[in-house]
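Novice:
In structure tokens form, the structure reads like this:
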């Protein structure tokens, strides 16, 4: 009798294990945590602004059941994927509308905020952390997101990562031949609202500046750091790039502000708007694959005169978003402006 009970227990345990593995799979988040998710995910909440773009690129946008306010306001995202307007925006990046999120019943929630991740777990939801500060982290986040989406997403991820690496290799093959003295010092300003909030070298901004043959004006700083006007004047950057949706206004402010007029970049008319698409190209963006080409051409126009950024942008949008980007709208994008209607 006891022998039969043991056999039954073993059989039951085997069946339970089989059912468990049949229902879920293990994935690893950016911190190396092992997380079980369903084998087939059809309902995804993406509560990190930037990662919504990666979901779109990987063909998973139709699985989104929750997004963010930033993404819903992004004119390029809704131009490429109009249905994003129908997806509830349940976070501003800092807090979650948890009751509404529970009603959306996501199978997996992607996010970058640790406090929000803790809140998710307490509510009984599956959270997967995604974030990055450099190109290697970008590639890891793309792979993780592809695992969550499933279907053909892992194949798209491989193709995208290959293209990203090829673009970086293409740029570095030329910039490594440029002497250090010929690499411009680059000040990257986070957005046009606060011209003294900058992105330093210890960030993905620093990564693409270096790869594109520039030198970050604040190599030891991270991103979104406050500096003083005196520091800018002392460093005297040769190139200034402003990110964010209000970058064009920031460029005009710098041109008109007397305190900036002694800076080399201003004197030589080398103050630029960073391109922006379904997410700003400069930070936390899958469109970093375009950013590194754009920056290299900006810093070293003679060495990269054969790079046509309008053509590159059109090709990228067709390949990954299945969107026909017009020449006029590609030019808008490169100027950091919204699409023409």
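Residue numbers (mature numbering (1 follows the signal peptide of the UniProt record, and there is no 0)): -24 to -1, 1 to 317. For each residue, glycine too, the CB sits at the ideal point set by N, CA and C.
I'd like the list of long-range same chain contacts for residue 312, defined as Cβ closer than 7 Å, with 5 residues on each side in sequence excluded.
Specialist: Contacts found: 223, 224, 249, 250, 251 and 252.
Novice: Under the three-state reduction of DSSP, which class applies to residue 144: helix, strand or coil?
Specialist: Reduced to three states, the DSSP call for residue 144 is helix.
Novice: Over the uninterrupted alpha helix (DSSP H) stretch that includes residue 310, give me the two end residues.
Specialist: Segment 303 to 310, the alpha helix (DSSP H) holding residue 310.
Novice: Might you give, ordered along the chain, the residues of its own chain that have their beta carbon closer than 7 Å to the beta carbon of residue 214, omitting 5 neighbours on each side?
Specialist: Contacts found: 160, 161, 240, 241 and 246.
Novice: Label residue 298 either buried or exposed according to how many other C-beta atoms from any shown protein chain fall within 10 Å of its C-beta, with 16 as the threshold for buried.
Specialist: With fewer than 16 other Cβ atoms within 10 Å, it is exposed.
Novice: Decide if residue 282 is buried, meaning its Cβ has at least 16 other Cβ atoms within 10 Å, or exposed.
Specialist: Classification of residue 282: exposed, given that the 10 Å Cβ count is below 16.
Novice: Please specify which runs of the alpha helix (DSSP H), each continuous and at least 4 residues long, are wholly inside the segment 67 to 114, giving them in chain order.
Specialist: Counting whole runs of 4 or more residues, the segment 67 to 114 contains the alpha helix (DSSP H) stretches 74 to 80 and 90 to 98.
Novice: Output the distance between the C-alpha atoms of residue 300 and residue 306, rounded to the nearest integer angstrom.
Specialist: Approximately 10 Å between the Cα atoms of the pair.
Novice: Could you say which of 262, 84, 45 and 123 lies nearest to residue 69 if we only look at CA atoms?
Specialist: That would be 45, whose Cα lies nearest to the Cα of residue 69.
Novice: Considering only the beta carbon of each residue, do residue 20 and residue 94 sit closer than 9 Å?
Specialist: Cβ distance not < 9 Å, so residue 20 and residue 94 don't count as in contact.
Novice: Taking DSSP's pairing of strands, which residues face residue 161 in a bridge?
Specialist: For residue 161, which the question treats as bridged, DSSP gives the partners 191.
Novice: I'd like to know whether the C-beta atoms of residue 79 and residue 60 end up nearer to each other than 9 Å.
Specialist: Their beta carbons are not under 9 Å apart, which means residue 79 does not touch residue 60 by this criterion.
Novice: Consult DSSP for residue 221 and reduce its assignment to one of helix, strand or coil.
Specialist: Coil, per DSSP.
Novice: Thinking just about the alpha-carbon of each residue, which of 76, 112, 62 and 117 is nearest to the one in residue 87?
Specialist: The option with the nearest alpha carbon to residue 87 is 117.
Novice: Would you kindly report the start and end of the unbroken beta strand (DSSP E) that includes residue 40?
Specialist: Looking at the DSSP string, the run of the beta strand (DSSP E) that includes residue 40 is 40 to 42.
Novice: Taking three-plus beta-carbon pairs below 8 Å as touching, is the segment 118 to 125 in contact with the segment 264 to 283?
Specialist: Touching, no, given that fewer than three Cβ pairs across the two stretches are closer than 8 Å.
Novice: Starting from the C-beta of residue 309, find all residues in its chain whose C-beta is less than 8 Å away, skip the five residues before and the five after it, and write them out in chain order.
Specialist: The answer, listed in chain order, is 52, 251, 252, 253, 289, 301 and 315.
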